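Q: The structure's right below; bear with me while I get my questions together.
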DNA sequence: ATCTCAAATGCAAGCGCTTACATCGACGGA
DNA sequence: TCCGTCGATGTAAGCGCTTGCATTTGAGAT
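Chains as they are written, first to last, in UniProt numbering: chain C, 1 to 342; chain B, 1 to 342.
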């Protein structure tokens, strides 16, 4: 009790157990290299002193942190939560720790966070979407930190990715909307600048229109942030026009729910007066009233696969294999045949 | 290009700029100690080499990381998202980086994550709720890492906290329910073991019943995980009894939304046949149909205040001052007077 | 008892950075 | 002109750990 009660170091443990620091280190990291008797003594010392290794020192010496970093655009809604949870569970199974930070959909912040995570010794990174400055990818390469892109799969992308084909998924949904009888279709999209997921989703809708002989240029598209309020505002905007759309395809469920809320508030009947669709199939989609027709994304599966692949890349087991996850359109009440007189 | 293209170090920059490592370090950390001419030269070298400081080394040498860690029970829903976002923004303003990890409501995992964050050199920690092993608090003290408890304020708690009084908030809500005419009240609570927030919320309801001459022991309480499905199951369970409650108070909005979903599925009218209330006032509460009567928690304010206080503690400016945030009952359609014949 | 050879352990050199202290140099005052 | 000062810069000692290599130990073989 005479000593200052500050965090004990490897050295303290070594002294306490009467061995060298090397032995203590081996006890902690490669126990089977140490004979049982010694090991027990060391572990007891560890216990008695309440020792915890200093990570910074360990990372520095070992050049390995068993930490994976993830930068997601936002924690403000459930879009990324579920997939990330699965990602984390899978990492834990392999002894990795996950560190998350959010970029608020801002490229600058994302860049900063990536640097922070790399500087902190992350062995690998999970990134959302493909689009970002080349500089960042070069930086990662230079630091030899493998990165895995998720939530998006682009057939011709450089980066390894585990995600889904946003364009195809949206195409399928739009086809459904068209098949249901809609011709005057509008869209509420997320901000497309720097966001390939948002871009390709819009593209998917356009392609579907084109494929069905509808002029994609005539489609009204409002771009806005992925927030409930934004969805509501966009909805109001779209419905204030002379020729109202009969269906509004939203870039994700959050926007769609915002639209639904505004519809209810202003007494617009969904789906009688206008159909609304979402994307992601988060819990909100089923809870919403009317329940949302949307694109179901198997987030958990994606998270799990992403973790497995990223770990393989970190271990050098894999050079990076992309996976395209299948999505599926889910029919619920928010989409219906347009009124004939519309 | 002859050299191996691996991450440049301080030393490389120093050589490149023709100065010592000390000077480079000073340029980066305390620029005004370096004369402009030198500084420019150094910064240019930094730029040319694409240098990023190695965090582990920096933390080790400086014993300061400008990193704050937060361990939240789950990222799976919006309960913590909003407050955390505000927390992060405020930290950024002061030059701190936030690292988040989730414990999935499991004490063991939380403990592990706390150690991971501390070992990683976190200057301070944000913890949710007061209740955890003493050992953890001792560990933090030993490592001299200040911790701030949020989402809960307990008048007589040891730990510094910035949160709200869960008992009082729930008391007020329950009083409202009683005032609305309900007598047969049931509750769907989160798991109370190791969770003081869940515990005190139940206590709040019990106290309100008591205060109104209703025997709290007669109240049916179902404990379950904080998931939509769990809420739904609990609702079914409660409504399958002979004497159905006229009001169900839920431990949070997620459980309440689950109850609402089950009600809709089974054709139970809310609030006509049974009233339902939530807690937190996340977006879901307003979206739900019928919209939820709930307790509004000013999450952003809490996050901001928590960040400010924690930074003060880290800087040694404050020894830790607790703040109790005011909550407010929000009336929406899910709560109404019980049918007279009930 | 002696020798052999793994297995177990110790030694010590870093990992990349910060910082106390030493040194250098320029400028102003005597 | 010389010295004192003070600001700018360099020197080098760690920070706590891992790990290649050297050394010691002990069990089995002779």
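Ideal Cβ placement from N, Cα and C applies to all residues, glycine included.
Treat the numbers as computed from the prediction; the structure is a model and nothing was measured.
1. Less than 7 Å separating the beta-carbons of residue 256 of chain B and residue 276 of chain B?
2. I think residue 261 of chain B touches residue 287 of chain C, with their Cβ atoms under 8 Å apart; what is that distance to the nearest whole Å?
3. Are the C-beta of residue 331 of chain C and some C-beta of chain B separated by less than 7 Å?
4. I want to know whether the stretch 283-297 of chain C touches the stretch 313-320 of chain C - three or more CB-CB distances under 8 Å.
5. Using a cut-off of 8 Å between C-beta atoms, extract the partners of residue 44 of chain C located in chain B.
6. Would you mind working out which of C:326, C:188, C:247, C:241 sits nearest residue 224 of chain C, comparing C-alpha positions?
7. Nearest by alpha-carbon distance to residue 300 of chain B: which of B:169, B:45, B:80 is it?
8. Helix, strand or coil, according to DSSP, for residue 223 of chain B in the structure here?
9. Leaving aside the five residues before and after residue 104 of chain C along the sequence, list all residues of the same chain whose C-beta is less than 8 Å from its C-beta, in chain order.
10. Whole angstroms are fine: how far does the CA of residue 264 of chain C sit from the CA of residue 331 of chain B?
11. Looking at the C-beta of residue 253 of chain C, does it have a partner C-beta in chain B at a distance below 7 Å?
12. Between which two residues does the alpha helix (DSSP H) containing residue 203 of chain B stretch?
13. Should residue 66 of chain B be flagged as near chain C, meaning a C-beta pair shorter than 7 Å?
14. With DSSP as the reference, identify every bridge partner of residue 149 of chain C, one or two as the case may be.
15. For residue 9 of chain B, decide whether its Cβ has a neighbour in chain C, counting only Cβ atoms nearer than 7 Å.
16. Where residue 8 of chain C and residue 15 of chain C are concerned, what is the direct C-alpha to C-alpha distance, given to the nearest angstrom?
17. Skipping 5 residues on each side, what residues in its chain have a beta carbon closer than 6 Å to that of residue 131 of chain B?
18. Where residue 273 of chain B and residue 100 of chain B are concerned, what is the direct C-alpha to C-alpha distance, given to the nearest angstrom?
19. Does the beta carbon of residue 121 of chain C come closer than 7 Å to any beta carbon on chain B?
20. Using a Cβ-Cβ cut-off of 7 Å (strictly less than) and excluding sequence neighbours within five positions of residue 210 of chain C, which residues of its own chain qualify?
21. Kindly say whether residue 224 of chain B, judged by its beta-carbon, lies nearer than 7 Å to any beta-carbon of chain C.
22. Thinking residue 267 of chain B and residue 229 of chain B are a contact (beta carbons under 8 Å), I'd like their distance in whole angstroms, please.
23. How many Å lie between residue 159 of chain C and residue 153 of chain C at the Cα?
24. For a contact meaning CB atoms closer than 8 Å, what does residue 261 of chain C contact in chain B?
25. Can you give the Cα-Cα distance for residue 78 of chain C and residue 52 of chain B, rounded to whole angstroms?
26. Note down, one range per segment and in chain order, each beta strand (DSSP E) of at least 3 residues found wholly within the stretch 218-298 of chain B.
27. CA-CA distance, residue 165 of chain C and residue 289 of chain C?
28. Identify the contact partners of residue 52 of chain C in chain B, using a Cβ-Cβ distance below 8 Å as the criterion.
29. Beta-carbon separation of residue 186 of chain C and residue 109 of chain C under 7 Å?
30. With distance defined between alpha-carbon atoms, name the residue in C:336, C:126, C:21 nearest to residue 183 of chain C.
31. Just mark residue 20 of chain C as buried or exposed, buried being the case when its beta carbon has 16 or more other beta carbons within 10 Å.
32. Would residue 76 of chain B pass as an interface residue toward chain C - the criterion being a Cβ-Cβ separation below 7 Å?
33. Quick one, are the C-beta atoms of residue 162 of chain B and residue 309 of chain B less than 7 Å apart?
34. Residue 231 of chain C to residue 254 of chain C, Cα distance in whole Å?
35. Starting from residue 174 of chain B, find everything on chain C with Cβ-Cβ shorter than 8 Å and list it in chain order.
36. Give me the chain B residues within the contact set of residue 57 of chain C, using Cβ-Cβ distance strictly less than 8 Å, ordered along the chain.
A: A quick look at the data gives this:
1. In the second chain, the residue the question calls residue 256 of chain B occupies position 256. In the second chain, the residue the question calls residue 276 of chain B occupies position 276. Cβ distance < 7 Å, so residue 256 of chain B and residue 276 of chain B count as in contact.
2. On the second chain, residue 261 of chain B is found 261 positions in, with the first residue counted as 1. On the first chain, residue 287 of chain C is found 287 positions in, with the first residue counted as 1. So it is a contact: roughly 6 Å between Cβ atoms.
3. Here residue 331 of chain C corresponds to residue number 331 of the first chain, with the count starting at 1. False, the Cβ-Cβ gap to chain B never drops below 7 Å.
4. no
5. As a working note, residue 44 of chain C is residue 44 in the first chain. Here the premise fails: no neighbours, minimum Cβ distance about 17 Å.
6. The residue given as residue 224 of chain C occupies position 224 in the first chain. Closest in alpha carbon position to residue 224 of chain C, among C:326, C:188, C:247, C:241, is C:188.
7. Counting from one through the second chain, the residue named residue 300 of chain B turns up at place 300. Nearest C-alpha to residue 300 of chain B: B:80.
8. Residue numbering aside, residue 223 of chain B sits at position 223 when the second chain is read from its first letter. If DSSP states are grouped into helix, strand and coil, residue 223 of chain B belongs with the strands.
9. As a working note, residue 104 of chain C is residue 104 in the first chain. Taken in chain order, the residues that qualify are 73, 74.
10. Taking the second chain and counting its residues from 1, one reaches residue 331 of chain B at position 331. Taking the first chain and counting its residues from 1, one reaches residue 264 of chain C at position 264. Cα to Cα, residue 331 of chain B sits roughly 18 Å from residue 264 of chain C.
11. In the first chain, counting from the first residue as 1, residue 253 of chain C sits at position 253. So, not an interface residue.
12. Translated into the one-based positions of the second chain, residue 203 of chain B becomes position 203. Looking at the DSSP string, the run of the alpha helix (DSSP H) that includes residue 203 of chain B is 196-211.
13. Your numbering for residue 66 of chain B matches position 66 in the second chain. Not an interface residue.
14. Here the question's residue 149 of chain C lines up with position 149 in the first chain. Secondary-structure assignment with DSSP links residue 149 of chain C through a beta bridge to C:127, C:161.
15. Taking the first residue of the second chain as position 1, residue 9 of chain B is located at position 9. For residue 9 of chain B, the answer is no, since every Cβ of chain C falls outside 7 Å of its Cβ.
16. For the purposes of this step, residue 8 of chain C is identified with residue 8 of the first chain, where counting begins at 1. For the purposes of this step, residue 15 of chain C is identified with residue 15 of the first chain, where counting begins at 1. Their Cα atoms are separated by approximately 11 Å.
17. Sequence index remark: in the second chain, residue 131 of chain B carries index 131 (1-based). Excluding residues within five positions, the ones whose Cβ falls inside 6 Å are 194, 196.
18. On the second chain, residue 273 of chain B is found 273 positions in, with the first residue counted as 1. On the second chain, residue 100 of chain B is found 100 positions in, with the first residue counted as 1. For residue 273 of chain B and residue 100 of chain B, the distance between alpha carbons rounds to 42 Å.
19. Start at 1 with the first residue of the first chain, and residue 121 of chain C comes out as number 121. Yes, contact with chain B.
20. Locating residue 210 of chain C in the first chain gives position 210, where the first residue counts as 1. Result list for residue 210 of chain C: 216, in chain order.
21. Within the second chain, residue 224 of chain B is the residue found at index 224, counting from 1. By this cut-off, residue 224 of chain B is not an interface position.
22. Within the second chain, the letter at position 267 stands for residue 267 of chain B. Within the second chain, the letter at position 229 stands for residue 229 of chain B. With a Cβ gap of about 19 Å, residue 267 of chain B and residue 229 of chain B do not count as contacting.
23. The residue given as residue 159 of chain C occupies position 159 in the first chain. The residue given as residue 153 of chain C occupies position 153 in the first chain. Rounded to the nearest angstrom, the two C-alpha atoms are 10 Å apart.
24. Sequence index remark: in the first chain, residue 261 of chain C carries index 261 (1-based). Ordered by position in chain B, the residues that pass the 8 Å Cβ test against residue 261 of chain C are 286, 287.
25. Position 78 of the first chain holds residue 78 of chain C. Position 52 of the second chain holds residue 52 of chain B. In a straight line, the C-alpha of residue 78 of chain C is about 33 Å away from that of residue 52 of chain B.
26. DSSP assignment within the stretch 218-298 of chain B yields the following whole beta strand (DSSP E) runs of 3 residues or more, N-terminal first: 220-224, 247-250, 275-277, 294-296.
27. Residue mapping note: residue 165 of chain C aligns to position 165 of the first chain, counting from 1. Residue mapping note: residue 289 of chain C aligns to position 289 of the first chain, counting from 1. The alpha-carbon separation between residue 165 of chain C and residue 289 of chain C amounts to approximately 28 Å.
28. Counted from its first residue, the first chain places residue 52 of chain C at position 52. Under the 8 Å cutoff, chain B gives 115, 118, 119, 139, 143.
29. Working through the first chain from its first residue, we reach residue 186 of chain C at position 186. Working through the first chain from its first residue, we reach residue 109 of chain C at position 109. No, the pair does not count as a contact, with Cβ atoms beyond the cut-off.
30. Numbered from its first residue, the first chain carries residue 183 of chain C at position 183. Checking every option, the nearest Cα to that of residue 183 of chain C belongs to C:336.
31. The residue given as residue 20 of chain C occupies position 20 in the first chain. Residue 20 of chain C should be labelled exposed.
32. Within the second chain, the letter at position 76 stands for residue 76 of chain B. Taking Cβ atoms only, chain C reaches closer than 7 Å to residue 76 of chain B, which makes this a yes.
33. As a working note, residue 162 of chain B is residue 162 in the second chain. As a working note, residue 309 of chain B is residue 309 in the second chain. At a Cβ-Cβ threshold of 7 Å, residue 162 of chain B and residue 309 of chain B count as neighbours.
34. One-based indexing of the first chain puts residue 231 of chain C at position 231. One-based indexing of the first chain puts residue 254 of chain C at position 254. Looking at the two C-alpha atoms, the distance is approximately 7 Å.
35. Here residue 174 of chain B corresponds to residue number 174 of the second chain, with the count starting at 1. Those within 8 Å of residue 174 of chain B in chain C number zero; the least Cβ separation is about 25 Å.
36. For the purposes of this step, residue 57 of chain C is identified with residue 57 of the first chain, where counting begins at 1. Ordered by position in chain B, the residues that pass the 8 Å Cβ test against residue 57 of chain C are 56, 60.
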